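**Q** The structure is given below, and queries will be raised subsequently.
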Amino acid sequence: MSPAAPWVPTARRLTVGLQVPRSAIPHPEVRISPGMGTLLLFDTPVARAELEGEQHFTRVRLAGDTLTLMPSASVEDREELRMTVHFADGAAPASATFRLVPHPTLADRQVEVHRQARSADSLHAELLEKEEEMRRLREELARMEAARSLPDGLTGMLAIRHLDKTGVRARWNDEQLVRHPRNALKIRSATTYRAAAQVAVAVECEELRGGAPWEARGATLVPHEGAALRVLRVWQAAPTAAGIVGQFIVEAEATDTMSPGPYTLTVWTGGDKRSVILGNLMFP
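Sequential numbering of the sequence shown, starting at 95, is according to our numbering.
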């Protein structure tokens, strides 16, 4: 499986009102998560917002050019919601529609919405977003190329100083592990590992909900306090099927200042909400 791209929680920029047929492009997507606020900042005052499924939100607050959304836990039961905002100045386009897509943890905490797609501000914002994307891709490509030139196994780990004299330490987490009640899989155990430059979580699991096989595609590893660790890869030998014990491994970058925990691990499969959330993980 290819290494998972690192996730960095940054403000997103969206542009609405492009000079193309509106039916030719999908409505822009905004990710929302239960209990996490999403702030939409418009460059034009908004007169009102029409929100599908407003009962799934504990707070919807509009103040001029700022819209705050706070989803409740029930939003996990929805595949997608629609929201339409109507601008206050009477210019075209008079409104913009967004797709609100629930995700267990990766909410867009701040979204900057630029209405005039081909203005200087809009072009500048788009350029900044593309430059940031290119920077991340170049870093990932450089890391992958460097890894290809190294030997496998312990020799490779020693060559890049991922191992020191303490070796690899392990900790079994089953006794204090907190399993989310709506996990897609039944979790049997979780073991954490720590080396000089990397940490890993190995999870043994079996199918619990739904008949379709489950395959780990992405993950976050977040401490109780502080920033999320940079996930390097998510690995699974084969999708977990009903009645078969499986395993997936999440590897992240260790830092000199990282705490032993507790951490929350969230792992998801592609294209749906069948996630696995494990809390109170401790590293050795």
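Ideal Cβ positions, reconstructed from N, Cα and C, are used throughout, including at glycine.
Computed from a prediction, not measured in an experiment: that's the story for all the values here.
#1: Enumerate in chain order the residues of its own chain whose CB-to-CB distance from Arg263 is below 6 Å, with the five nearest sequence positions on each side excluded.
#2: Rounded to whole angstroms, what's the CA-CA distance from Leu145 to Ser168? Just pull it up for me.
#3: What's the C-alpha gap between Phe342 and Asn374?
#4: Who are the near neighbours of Thr162 in its chain, counting only those whose CB is closer than 7 Å to its CB and skipping five residues on each side?
#5: Which residue from Arg327, Val140, Gly355, Glu309 puts its Cα closest to that of Arg370?
#6: Using the C-alpha atoms, what's the distance from Ala186 back to Ala211?
#7: Is it the case that the Cβ atoms of Pro198 and Thr360 are separated by a distance below 9 Å?
#8: At which residue ranges does the segment 103–178 contain complete beta strand (DSSP E) runs of 3 or more residues, listed in the order of the chain?
#9: Just to confirm the assignment, what range does the beta strand (DSSP E) spanning Ser283 have?
#10: How big is the Cα-Cα spacing for Met95 and Trp266?
#11: Can you give me the C-alpha to C-alpha distance between Leu233 and Gly337, rounded to a whole angstrom?
#12: Short of 8 Å in beta carbon distance, which residues of its chain neighbour Val205, apart from the five on each side in sequence? Order them along the chain.
#13: Would you grab the beta carbon distance between Glu345 and Leu326 for me? Rounded to a whole angstrom, and I think it's under 8 Å.
#14: Considering only the beta carbon of each residue, do Thr334 and Leu279 sit closer than 9 Å?
#15: Any idea if Gln149 is buried or exposed, counting beta-carbon neighbours within 10 angstroms, 16 or more meaning buried?
#16: Is any heavy atom in the ligand GDP found nearer than 8 Å to the beta carbon of Thr132?
#17: From the DSSP output, read off the bridge partner residues of Phe181.
#18: Can the beta-carbon of Tyr357 be found closer than 9 Å to that of Pro317?
#19: Give me the Cα-Cα distance between Thr286 and Leu231, rounded to the nearest whole angstrom.
#20: Between the C-alpha atoms of Ser353 and Ala291, what's the straight-line distance to the nearest angstrom?
#21: How is Glu319 classed by DSSP in three states: helix, strand or coil?
#22: For the beta strand (DSSP E) that Arg193 lies in, which residues bound it at each end?
#23: Excluding the 5 residues flanking Gly158 on each side, which residues of the same chain have their C-beta closer than 6 Å to its C-beta?
#24: Express the C-alpha separation of His121 and Asp268 in angstroms, rounding to a whole number.
#25: So the beta strand (DSSP E) Gln204 belongs to, where does it begin and stop?
#26: Considering only C-alpha positions, which residue in the set Arg142, Asp171, Val339 is nearest to Ile126?
**A** On the basis of the coordinates in this document:
#1: Arg288, Pro378
#2: 15 Å
#3: 18 Å
#4: Gly131, Leu133, Arg153, Arg155
#5: The residue you asked about is not Arg; residue 370 is Val in the sequence shown. Residue Glu309 is the option with its Cα nearest to Val370.
#6: With a pLDDT of 47 at Ala211, under the threshold of 50, the modelled position of this residue cannot be trusted, and the question is left open.
#7: yes
#8: Runs found: 106–109, 123–126, 132–136, 140–145, 151–157, 160–165.
#9: 279–288
#10: Low confidence applies to Met95: its pLDDT is 45, below 50, so where it sits in the model is not reliable, and the reading given next is rough at best. Straight-line Cα distance between these residues: approximately 25 Å.
#11: It is worth fixing the name first, because residue 233 is Glu in this sequence and not Leu. Taking the straight line from one Cα to the other gives about 40 Å.
#12: Ala105, Arg106, Arg107, Leu108, Val124, Thr132, Leu133, Leu134, Leu135
#13: 5 Å
#14: yes
#15: exposed
#16: Absent from the structure shown: the ligand GDP. Ligands present: none.
#17: Val140
#18: yes
#19: 29 Å
#20: The alpha-carbon atoms of Ser353 and Ala291 are separated by roughly 14 Å.
#21: coil
#22: 189–196
#23: Pro139
#24: 43 Å
#25: Per DSSP, Gln204 is one residue of the beta strand (DSSP E) stretching across 204–208.
#26: Proximity to Ile126 across Arg142, Asp171, Val339 peaks at Asp171, based on C-alpha coordinates.
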